[in-house]
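In my numbering, the protein residues as written are 11 to 608. Built from N, CA and C at the ideal position, the CB exists for glycine as well. A short write-up of the structure that comes next.
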């Protein structure tokens with residue numbers, strides 16, 4: 011097996027370099043060099059995307075010189091009559107002590123920028139005052155504390171309802187008085203004055219909002235009120251772009267390699283060899299996996315980041331490669347391949363991106379492995395439990411996607427070009443045996459669980475910050491629809507491949523086997539990895555009834571039975587109505603469990 015993987019890897023590497031060498035490789039090298047040069051230029055001279063976007067005219071020479079220090083303004087000085095005559099040309103006009111703003115969106119934005127310039131100017135003036143504490147009588151010491159909110163209501167067996175209580179809750183624990191902070195500042199006035207001046211002349215606004223990528227303050231956590239700004243997750247945005255973009259870009263070459271094998275029918279040569287499909291797929295993916303690891307290691311080395319950051323990236327790399335394999339095998343043409351890859355990149359990046367914004371804010375942030383990277387850079391080391399919690403779904407979905415690729419890596423699947431949905435059903439039917447129907451449905455019901463959890467957690471990330479009643483109700487409907495579609499896909503595939511359609515045996519026992527497999531996979535993965543989410547009120551909507559297992563089993567069996575009966579009565583065209591009915595039943599059940607419906 012290892013020898014086969016090694017042979018295929020060397021062949022894939024030579025073939026890819028030979029193909030890229032004629033066209034893609036030179037362009038990729040040039041783009042990579044330009045990216046390095048652009049990054050170095052931005053690091054040395056700052057970001058200049060807003061240079062000269064506002065035009066300002068003034069008859070005050072000193073005011074013009076002060077405003078010109080901000081690169082966003084192009085300043086013109088002239089007499090008042092000429093400026094007023096050409097006032098439509100300017101966003102802002104300053105005549106004497108009067109400021110005139112063009113009444114449009116750009117003019118109002120220019121006025122906001124001008125107010126920041128004036129604040130910086132006043133800070134510089136105040137910093138020169140001999141008595142600094144008279145100019146700045148108030149100094150604020152910022153100290154961040156980790157939230158200790160209690161999310162154990164569901165775990166304790168309490169019933170959670172989105173309906174507000176009539177009486178406001180009162181604290182149960184004793185109130186501990188907070189010690190009065192020290193009034194002294196452990197810095198000399200000259201140090202404080204230098205920090206005020208540096209903040210005032212800082213042109214790169216990005217550095218105001220990030221501690222990870224910004225400069226280190228010489229006055230520690232002490233700030234004047236004007237220097238305080240709400241923290242924005244710009245560091246998370248940069249990290250996601252820096253790490254994820256090159257990884258996903260590299261996985262595209264693997265996706266195109268699979269597509270080339272099908273379009274040019276070169277895959278027939280591989281299929282004619284005595285090599286196993288698993289060895290062929292692993293051998294083709296290995297060069298890209300090592301390249302993605304090397305890219306990640308290089309970024310970590312250049313950025314002087316902790317080496318342990320590579321661990322959360324490994325499951326992301328595996329997930330990208332597994333998804334690239336399946337997409338390359340599903341697409342009929344390069345046009346369809348582009349559509350699927352763009353759709354996948356949008357969904358995957360959203361799943362990785364949005365949770366990491368809320369690092370250190372909510373436990374939901376840990377559904378993304380990139381949150382571990384943000385925490386590590388901030389100095390908060392992640393635990394083994396955090397790692398399993400964040401990466402388990404990526405490992406499981408990658409394994410299942412690779413298994414689906416191996417099972418379908420044959421001539422019939424590779425070189426058939428059906429529409430996307432029928433072709434997806436064909437991939438699913440490859441895992442269903444007409445001889446061992448019930449075990450196949452049981453296994454399929456268990457294997458869809460990681461994908462269901464991933465989709466539901468993505469929905470959870472989107473809705474948890476909405477107002478409480480609305481967020482819970484939306485999550486109830488979304489979770490119910492997701493589960494019903496995932497559970498019933500095996501029944502639908504079975505109805506499609508059976509010559510006479512579904513029989514009552516398949517309706518009754520097939521629904522039961524699928525429900526049992528879905529329940530088994532759900533609870534096993536739940537107890538292993540998702541315990542933190544289930545401790546929140548949102549998790550109670552996704553993963554209900556941990557103790558009473560017969561209730562969710564009955565729910566799954568009834569909902570699957572509804573879909574199966576619809577398929578038996580009206581054929582495949584009744585699948586959508588059956589799903590809608592099952593979703594309504596599932597949603598009503600969830601509402602009853604959380605106490606909304608008595």
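Proximity winner among the options, relative to residue i (alpha-carbon distances)
i, options, result
"residue 328", "198, 355, 295 and 337", "295"
"residue 568", "582, 596 and 586", "596"
"residue 107", "78, 118 and 73", "73"
"residue 257", "279, 298, 137 and 282", "298"
"residue 531", "351, 143 and 457", "457"
"residue 90", "79, 565, 71 and 76", "71"
"residue 631", "356, 390, 357 and 403", "The requested residue 631 is not part of the displayed model; the chain covers only 11 to 608."
"residue 460", "450, 485, 503 and 527", "527"
"residue 128", "591, 109 and 505", "109"
"residue 349", "334, 363 and 362", "334"
"residue 8", "342, 364 and 337", "Nothing can be reported for residue 8: it is not among the residues displayed for the chain, which extend from 11 to 608."
"residue 123", "375, 62, 266 and 382", "62"
"residue 319", "260, 280, 386 and 263", "386"
"residue 561", "95, 88, 65 and 529", "529"
"residue 466", "408, 506, 418 and 494", "494"
"residue 313", "414, 492, 383 and 347", "383"
"residue 572", "518, 600 and 533", "518"
"residue 586", "472, 508, 496 and 600", "496"
"residue 390", "316, 410, 330 and 413", "316"
"residue 207", "132, 566 and 260", "132"
"residue 491", "590, 309, 583 and 279", "590"
"residue 577", "516, 399, 523 and 18", "516"
Beta-bridge pairing of residue i - partner residues as DSSP gives them
i, result
"residue 83", "64"
"residue 233", "150"
Endpoints, the alpha helix (DSSP H) within which residue i is located
i, result
"residue 195", "Where residue 195 is concerned, there is no enclosing alpha helix (DSSP H), given that its DSSP letter is neither H nor E."
"residue 331", "320 to 340"
"residue 412", "394 to 417"
"residue 518", "First-last for residue 518: undefined, no H or E at that position."
"residue 297", "287 to 312"
"residue 586", "585 to 603"
"residue 433", "430 to 439"
"residue 351", "344 to 367"
"residue 77", "71 to 77"
"residue 384", "379 to 387"
"residue 508", "Premise fails: residue 508 is in no alpha helix (DSSP H) and is neither H nor E."
"residue 391", "Note, residue 391: premise wrong, no alpha helix (DSSP H); not H, not E."
Boundaries of the beta strand (DSSP E) in which residue i is found, first to last residue
i, result
"residue 131", "Residue 131 -> not in any beta strand (DSSP E); alpha helix (DSSP H) instead, spanning 115 to 137."
"residue 110", "108 to 111"
"residue 105", "102 to 105"
Length of the line joining the Cα atoms of residue i and residue j
i, j, result
"residue 340", "residue 579", "31 Å"
"residue 275", "residue 455", "34 Å"
"residue 321", "residue 603", "39 Å"
"residue 168", "residue 525", "Summary for residue 168: the model assigns pLDDT 44, below 50, so the residue's position carries little reliability; its value from the coordinates is reported in the next sentence. For residue 168 and residue 525, the distance between alpha carbons rounds to 27 Å."
"residue 93", "residue 200", "42 Å"
"residue 302", "residue 481", "38 Å"
"residue 291", "residue 268", "9 Å"
"residue 103", "residue 136", "26 Å"
"residue 360", "residue 151", "35 Å"
"residue 223", "residue 520", "Because residue 223 sits at a pLDDT of 38, beneath the cut-off of 50, its placement in the model cannot be relied upon, and the following sentence gives the value as read from the coordinates. Between residue 223 and residue 520, the C-alpha separation is close to 55 Å."
"residue 148", "residue 76", "26 Å"
"residue 405", "residue 504", "28 Å"
"residue 96", "residue 486", "59 Å"
"residue 285", "residue 307", "32 Å"
"residue 22", "residue 324", "21 Å"
"residue 120", "residue 87", "17 Å"
"residue 40", "residue 271", "27 Å"
"residue 557", "residue 331", "Per-residue confidence for residue 557 stands at a pLDDT of 46, beneath the threshold of 50, marking its modelled position as unreliable; the derived number appears in the next sentence. Cα-Cα distance, rounded: 38 Å."
"residue 507", "residue 438", "11 Å"
"residue 549", "residue 601", "Reliability fails at residue 549, whose pLDDT of 49 lies under 50, so the model's placement of it is uncertain and the value that follows must be treated cautiously. Each residue's Cα considered, the two are about 14 Å apart."
"residue 447", "residue 513", "12 Å"
"residue 544", "residue 479", "Low per-residue confidence applies at residue 544: pLDDT is 47, beneath 50, and the placement is therefore not dependable, though the value from the model is reported in the following sentence. Rounded to the nearest angstrom, the two C-alpha atoms are 18 Å apart."
"residue 401", "residue 417", "25 Å"
"residue 583", "residue 566", "22 Å"
"residue 599", "residue 499", "21 Å"
"residue 251", "residue 197", "38 Å"
"residue 15", "residue 279", "16 Å"
"residue 414", "residue 65", "59 Å"
Residue i: CB within 8 Å of a non-hydrogen atom of the ligand ZN
i, result
"residue 305", "Absent from the structure shown: the ligand ZN. Ligands present: none."
Chain D within 9 Å of residue i, Cβ atoms only
i, result
"residue 312", "No chain D is part of this structure, which consists of one protein chain only."
Continuous beta strand (DSSP E) assignments of at least 3 residues falling wholly in the segment 246 to 272: none
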